[in-house]
Each structure stands twice: as C-alpha cells, then as structure tokens.
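A.B. asks: Encoded as structure tokens, here's the structure I'll be asking about.
Residue numbers (this note's numbering), protein chains in the order written: chain A, -11 to 543; chain B, -17 to 240.
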C-alpha cells in the first residue's frame, strides 16, 4: 500500500513508513479523510446551532430511516411477487430522478456541494473528485438510497450469483445517484448562486405538492389494478442508469447473466461518464472567477412592447393593474408557485377521480375553489411594494377599481380554466346532462371566492416572506388562518342557495330537466356576489391603507 | 398656494408599544426650499416621513401638505407629493421601464405622456442601459434612481426622500443630486432625510434637526449652524454628543510602541 495514495483507507496501522527521522514528515492526511471529517463537522456544527434545528434534524432523520426500514420490509415481503422487479426498477428510476433534481431545489443544503469554496486550496481534480464523492456518501440521503437498493436486492435476487450482482449493482447505483447530483450541481453552480436559482428553489415546494398528488393517485391506481401496470415502463427503464443496476439484479436472478453483465456495464459506463462530466465542470469552476465577482445574469428581460394581450386591456388603472398582476403570476416565484399549485391540483383532483371512475362531476368545482384562493391576501402578494399602490389610492372609487382590476386579471385565467376542467371532467364521466348545473355551481363558487377574497384582503392582510418556503410571516399565522379558512367557509355559506337549488332540482320530480337553469342562475349569482364583495371591500381598503401596508411589510 | 409652508405638522405622536418613536413634533417646512431632516439613527426620521406622506397613521396630531390635510383630504395631497421611502420594496419583478409605466398610469397620467417622461427620466438618471432589466437585479444605487424617477414622474409639488443617498455610489449620488437641484430650482420643495452632515450642508437651504423623536432645531443652514464651525459640530452639540471624545482612554493606541 502506498501511503501517499489518497485512496488508501485510513486504518490504524496506516503509517507503513517507520516514523523515523529519515522518513517523510508524517504523510499528509489523505484529502478524502479530510473531506469526510469536514462533512461530519459541518453536520455536527449545523446541529449545534439551535435546539429547534437539532430537533428538526433528528425528527427528519428518524422519519427517513423509519421510511427506509418500512420500504425495506415491504420489499422483502414482496419477494417472489410476479411483478416486483418492475416495481424496484421504477423505484430506482424515481430515486435517480430525485437525486438529479435535488441540488436544483435545495442548493443551500450542503456546503461542501459548492466547490468554489475550495478554490484557494491547492487541490488536483482527481483526488478532489474522489474526496468529494466519498464525503457525499455521508448523510441521510445516501443511507436512505442504500436501504432502498438493499431492499431491491432482497426483493429480486435469487441465488448466489444474483446476490453478488446485487451487491455490485447496489453500490454502483448509489454511486451513480450521488455523482449525478454532484455533476448537476457543479454544472449549475452559476445558476444556483444567482437570483434565478433562488427563484427556482421557491418553486420546488410546488413540485413536491403536485408530485405528492400524482404519487397518491398513482399508488391508488396500482392498488386497484395491480403491479403489472408497471411492466411496460419498467421494460424501458431497466436499461436506463441507475435503474439498470437493479435490472441487472433481476436478470441475474433469472439466470440471464449476459443481460445482467450488459446492464451492469451500462451502469458503470454511466458512472464513468458522470464522473468525467463532474470533473470537467469542477476544473472549470476552480479556474475561472466565481459567481460573486462576475456580474450576474445581466441579460435583459425580453424586450416586449405592449404585447398583444396588454393592448387589449382597458386603459387607466384597470388595465395597468391587470397587466401588473398577470406579469407577477409569471415572474414572481411565490405567486407563480401558488398559481401552478392551484392550477395543477384544481385539475388533478377532478380529472384523476373521474379517470378512476370514483369521481363525481361536481368535483369539477374544485378547480374554481382552488383558483379562487388566489384572490385572498391580494395586498400581501404585493409585499411592502404595496406603498406604491397605497400612494395612488385616495378614494373609495380608486380602491374599488384597483380590487376590481385584480379580480378581472384573475378571471382572465380562472374562468376559461374552470370551464375547461368542468367540460373535461364531464366528458370523462360522460355525464353531459350535468354540465350546465356543474358550470353554474363552479361560477357561483368562483364568485363567492372572489368576493370573500377581496373582503379578507382588506380586512385580514398578512405578509408573505419572499425568501424561503414560508408563506406567512411569523406572528401572522392566526391572521392567515382567519383570512383563508374563514373566507372559504364564508364562500361555502354564500354558495348555499345555489347548492340548495341544485339539490332540489335533482331530487324534486317535477323539476326534472330544469338543471340547465343553474347555469344562468349560478353565473348571475356569482357575478353579483363578486360585485357585492368588491363594493364592501373597497371602503375598508381605502380607509385602512396604512394598516394594510404595516401588515404586509413584515418579513 | 394656501400658505407659505409646504408642510405643516402639529403635535405629531407615534408610539410602537412602549417606545415613543415620535414625541410631539411641530414643524413648518417652507415651500420652494431644499430641506434636510437630519438626526442620528433611531431619531424618528423615517417614522415622521411615513406619517407626513400618509403611509403610517399617527397616534395624534395633524399634517398638512401644501395646505391640505393628509388624512382628511388625500385626493389633493396624494396627487401633489412624490415619495421615495426607505426599507420598503418596489414592484421588483417589473423592469425599470415597466415600473415607471405602471406608476405613471396608476397616477392617472395618459400613457403616451408617461412613456415620454419615463424615457427622459431613464436617460437623465443614466438607467437607459438597464431599463429592460428587472428591478430585482438592480444595485442599490440603481434602485434609488428608479425610485426617484417613479417619485418624479407625475411632477409633484413636494418630494419626500428617505435616505436617498444611503448605500449609493458617488457617481449615482452625483446624478441624483443634479436632478434634485434642477427640480428645486423650478420652485418645488424637496424634503430629504440623512445622517450625513456634509451632504446636508452642501445641498440644503433649510434644516430640521431631529433626535429621540423630538425637534431640536429648525431654520436656515446658517441659523442652525450658529457659532459652530460646521453643521456636524452644531449637530453633535444639539443631540448632546458634543462632549464625547474618544481620546484619553485609548492612549496606547497608535504611536508605534507596543
């Protein structure tokens, strides 16, 4: 063993060279060892900072490990199931995807992830890559991943050769996952340390929210129709690293050693390629000025005159406010995240339920309800920039026009969307006679949400912190609850007449065939509610401008 | 104009919990002057300016701007003032030009006029190159300049600027200065807060000294300066920090020996 070889394991009998006067002054500690210790110190120091943080870390570690143990047991229990191979291949692919996107969403998660911090140190790329890779293997994430792959081995391996392939495959797959995350991070360090990167991180919450819904429905579907659903997808994914390593385990279990070898080789090749990509990016990062000294992204936003839509908007405050509101839906990460979540969940719930045959056409109202939430806390969405609005509102009329413009901007998106979702749900359930009344209910609900949203915006405004994942400033959680849940209950109550009418038209024998009446009734009722809500909210807004500004300026 | 005062403040109070931020201010700011509101950190400058501009509700007291009560008659007041607050955001996800277009139209100016004025302001404030960049990517100096442009867009009679030179590089500071001097030369009033005395001394005709939520002195620069050699010295005397000399305790500091 060569003591200067940085890969040499740190054993107790490490100094093979006698530590005599003639020998080199104690062999320099291997870079890898230093990095692993650095990682451990960072973890430890992070925990030392505060009790809350320690508790959160320990709790999340326990949950993750419990989850890992559960899935391990689950996979062992599934051993011998006809389609378990497809399941584990798919799991490996999802895990790989998770590792690939994780650095984009949680750039601040790992300080050793940012190699530009090491720029001043005299390090060569190869030992550095080796050291960083090893230290990346320390942590809960890799442990969880390893548990997952161990479970996969237990689930699909049959026979000694298969276990041998399984062990190699699991290690390879883990290395591919970790290297993938590192390569993606290194390739995107510029992005991740810029404002755009932070914006992206804010959007990660919605990926989690929407992803959870999709996984939920996927799991339900699997539960009802069996694992064989997975086979076609798994057939392809078993040739895509890191899932190919799991494919190899399965192939070895079936005695297809040629296939197993090919899949292992493919995984190894992917690892080598990723390492090469990572090392290249690392070298470039370490030899060019870092993000803090070069100008950030100075590209201007695309030069657009008044776009087609803006030209169609009315002049004056109405059009101006609408244009700004719509721009913020697209450009402000918090607003965008809220919108995308609402749009996605408003679509997923009715459509997926319909797809599974468990839905009702009335679920389509979910879209209107979810989108109506965007009217809530209008001024909180402005942050403290609300002063620019406050300085131009000098009468109840101004406040009314401002609120109406915001509601109109929302309607521009929500009205067609709610209609689309309702029509889609109806089509999937083939319940066309119910379309008019469902549309009527949707519009009534939307109107009620806009009305209560406008009123609570004026009465219970709260700050939305611009950094991090929180959507309510500390100390204002109660206010936010009153605003949103009080408002939603209020909206439901306001809709009660239309709901009652729907029920009556459906149960009363004499009223059969009059369901279409609900479309005009619901539409007019919703519009009337919105106008009333705006009328009531406007004087409150105009009278409470300084109070609203104070409430939305925290955090 | 109804009176000679651009701003008339009577008995203005503001408490935040136990702390008295502004403790009974009476103030008459003359029209057509370049007015400096000076005071140490925490003196109540921002609180006072927020209440004067209608962004914060006072506990007590009245404020009149060009003869109109800020709280009774907001229509008249809001159309006549321009504000650049400190510590509040702008609509930062708009580009500089979009922000001006938005502000001007919200103020009720015709679109074409807004765009014309915006072009000129961007040009004078040296922001033309960055006009299509999002304000969130602007530097501190650029933010102050675009904020100033937004405050000037509707040609207000009185301009309130809270720390307009804080964190601003010398080049941008000179630009801002030039614009403000041109603006006051036309008879408009500028009220700005600062704790940099040299700046106030070189810019202002009229000064109000604020400390611990109260007015300590008002008047022309010469009146406030009095016998003192500089405004800085006069200011230190006024806020009661004049006698503090960091000399004798640190007699070992410097001089080469250890």
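C-beta atoms are modelled at their ideal positions from N, C-alpha and C, and glycine is treated no differently.
#1: With respect to 7 Å, is the separation between the Cβ of residue 387 (chain A) and the closest non-hydrogen atom of the ligand HEM below this value?
#2: Mind checking if residue 392 (chain A) is an interface residue toward chain B, Cβ cutoff 8 Å exclusive?
#3: Of all the alpha helix (DSSP H) runs that stay within the bounds of the stretch -3 to 46 of chain B, which reach a length of 4 or more residues?
#4: Could you compute how far the alpha carbon of residue 187 (chain A) sits from the alpha carbon of residue 97 (chain B)?
#5: Would you kindly report the start and end of the unbroken alpha helix (DSSP H) that includes residue 106 (chain B)?
#6: DSSP puts residue 190 (chain B) in a beta bridge; with which residues?
#7: Residue 316 (chain A) versus chain B: which residues are under 9 Å apart at the beta carbon?
#8: Rounded to the nearest angstrom, what separates residue 385 (chain A) and residue 328 (chain A) at their Cα positions?
#9: Check whether the Cβ of residue 312 (chain A) lies closer than 8 Å to any Cβ atom in chain B.
#10: DSSP three-state call for residue 140 (chain B): helix, strand or coil?
#11: Let's test the definition: count the other Cβ atoms within 10 Å of the Cβ of residue 176 (chain B) and tell me whether it reaches 16, buried, or not, exposed.
#12: Taking 8 Å as the threshold, find out whether the stretch 73 to 80 of chain B comes into contact with the stretch 22 to 31 of chain B through three or more Cβ pairs.
#13: Using 8 Å as the threshold, is the stretch 394 to 412 of chain A in touch with the stretch 5 to 17 of chain B, meaning 3 or more CB pairs across them?
#14: What distance in whole Å lies between the Cβ atoms of residue 335 (chain A) and residue 402 (chain A), which are believed to be in contact at a cut-off of 8 Å?
#15: List the endpoints of the continuous beta strand (DSSP E) containing residue 346 (chain A).
#16: Are there 16 or more other CB atoms within 10 angstroms of the CB of residue 464 (chain A), so buried, or fewer, so exposed?
#17: Rounded C-beta distance between residue 258 (chain B) and residue 90 (chain B)? I'm assuming under 8 Å.
#18: Check whether chain A comes within 8 Å of residue 84 (chain B), counting only Cβ atoms and requiring the distance to be less than that.
#19: Taking residue 449 (chain A) as the query, report the chain B residues whose CB atoms sit under 7 Å from its CB, ordered along the chain.
#20: Would DSSP call residue -9 (chain B) helix, strand or coil?
#21: Per the DSSP calculation, residue 66 (chain B) is bridged to which residue(s)?
#22: Could you check whether the Cβ of residue 43 (chain B) sits closer than 8 Å to any Cβ belonging to chain A?
#23: Where does residue 371 (chain A) sit, in a helix, a strand or coil, going by DSSP?
#24: Taking its Cβ as the centre, do 16 or more other Cβ atoms sit within 10 Å of residue 57 (chain B), making it buried, or is it exposed?
#25: Contact criterion: CB-CB distance below 8 Å. Does residue 289 (chain A) meet it with respect to chain B?
#26: Please confirm whether residue 332 (chain A) and residue 413 (chain A) have their CB atoms less than 8 Å apart.
#27: Going by beta-carbon coordinates alone, are residue 130 (chain A) and residue 162 (chain A) separated by less than 8 Å?
#28: Kindly list the residues whose CB is nearer than 7 Å to the CB of residue 524 (chain A), restricted to its own chain and excluding five residues on each side of it in sequence; keep chain order.
#29: Start and end of the beta strand (DSSP E) containing residue 73 (chain B)?
#30: Do residue 183 (chain B) and residue 203 (chain B) come within 8 Å of each other at the CB atom, strictly closer than that value?
#31: Is residue 276 (chain A) helix, strand or coil when you go by DSSP?
#32: Quick one: is residue 233 (chain B) buried, meaning 16 or more other Cβ sit within 10 Å of its Cβ, or exposed?
#33: Work out the CA separation of residue 226 (chain A) and residue 113 (chain A) for me, nearest whole Å.
#34: Closest to residue 168 (chain B) by C-alpha separation, out of B:106, B:84, B:13 and B:194, would be which residue?
#35: Mind listing the chain B neighbours of residue 537 (chain A)? Cutoff is C-beta to C-beta under 7 Å, in chain order.
#36: Take residue 39 (chain B) as the anchor and find which of A:533, A:485 and A:542 has the nearest alpha-carbon.
C.D. replies: Considering the structure as presented:
#1: No copy of the ligand HEM occurs in the structure displayed, which carries no ligand at all.
#2: For residue 392 (chain A), the answer is no, since every Cβ of chain B falls outside 8 Å of its Cβ.
#3: Taking only runs of at least 4 residues, the alpha helix (DSSP H) segments lying wholly in the stretch -3 to 46 of chain B are 27 to 34.
#4: Using only the alpha carbons, I get a separation of about 30 Å.
#5: 93 to 106 is the span of the alpha helix (DSSP H), which, as asked, contains residue 106 (chain B).
#6: Looking at the DSSP assignment, residue 190 (chain B) forms a beta bridge with B:19 and B:200.
#7: Ordered by position in chain B, the residues that pass the 9 Å Cβ test against residue 316 (chain A) are 73, 75 and 76.
#8: Here the alpha carbons of residue 328 (chain A) and residue 385 (chain A) stand approximately 32 Å from one another.
#9: Closer than 8 Å: yes.
#10: Residue 140 (chain B) falls in the strand class under three-state DSSP.
#11: It counts as buried.
#12: Contact fails: fewer than three Cβ-Cβ distances are below 8 Å.
#13: Contact between the stretch 394 to 412 of chain A and the stretch 5 to 17 of chain B is not established, with fewer than three Cβ pairs separated by less than 8 Å.
#14: With a beta-carbon spacing of about 12 Å, residue 402 (chain A) and residue 335 (chain A) fall beyond the 8 Å limit used to define contacts.
#15: Note, residue 346 (chain A): premise wrong, no beta strand (DSSP E); not H, not E.
#16: Residue 464 (chain A) sits buried, since 16 or more C-beta atoms from the chains shown fall within 10 Å of its C-beta.
#17: Given a span of -17 to 240 for chain B in the structure shown, any question on residue 258 (chain B) remains unanswerable.
#18: Residue-level contact check: residue 84 (chain B) touches chain A, since one or more beta carbons of chain A fall below 8 Å from its beta carbon.
#19: Residues of chain B passing the Cβ test: none, with the nearest at roughly 15 Å.
#20: Look at residue -9 (chain B) here: in three-state DSSP terms it is strand.
#21: Paired residues: B:143.
#22: With respect to chain A, the C-beta atom of residue 43 (chain B) has no partner C-beta closer than 8 Å.
#23: DSSP, reduced to helix, strand and coil, places residue 371 (chain A) within a helical segment of the structure shown.
#24: Its Cβ having fewer than 16 others within 10 Å, residue 57 (chain B) is exposed.
#25: Unreliable positioning characterises residue 289 (chain A) in this predicted model, as indicated by a pLDDT of 48, which lies under 50. The coordinate reading is nonetheless provided below. So, interface residue.
#26: Not closer than 8 Å, so no.
#27: The Cβ atoms of residue 130 (chain A) and residue 162 (chain A) lie closer than 8 Å to each other.
#28: Only residues of its own chain outside the window of five on either side were considered, and among them 443 have a CB closer than 7 Å to the CB of residue 524 (chain A), listed in chain order.
#29: Neither: residue 73 (chain B) is in no beta strand (DSSP E) and is coded neither H nor E.
#30: Judged by their CB atoms, residue 203 (chain B) and residue 183 (chain B) are nearer to each other than the 8 Å cut-off.
#31: The answer is coil: DSSP assigns residue 276 (chain A) none of H, G, I, E or B.
#32: Burial call: exposed.
#33: Computed Cα separation, rounded: 32 Å.
#34: Comparing Cα-Cα distances from residue 168 (chain B) to each of B:106, B:84, B:13 and B:194, the minimum goes to B:13.
#35: Listed along the chain, the chain B residues whose CB falls inside 7 Å of the CB of residue 537 (chain A) are 37.
#36: Residue A:533 is the option with its Cα nearest to residue 39 (chain B).
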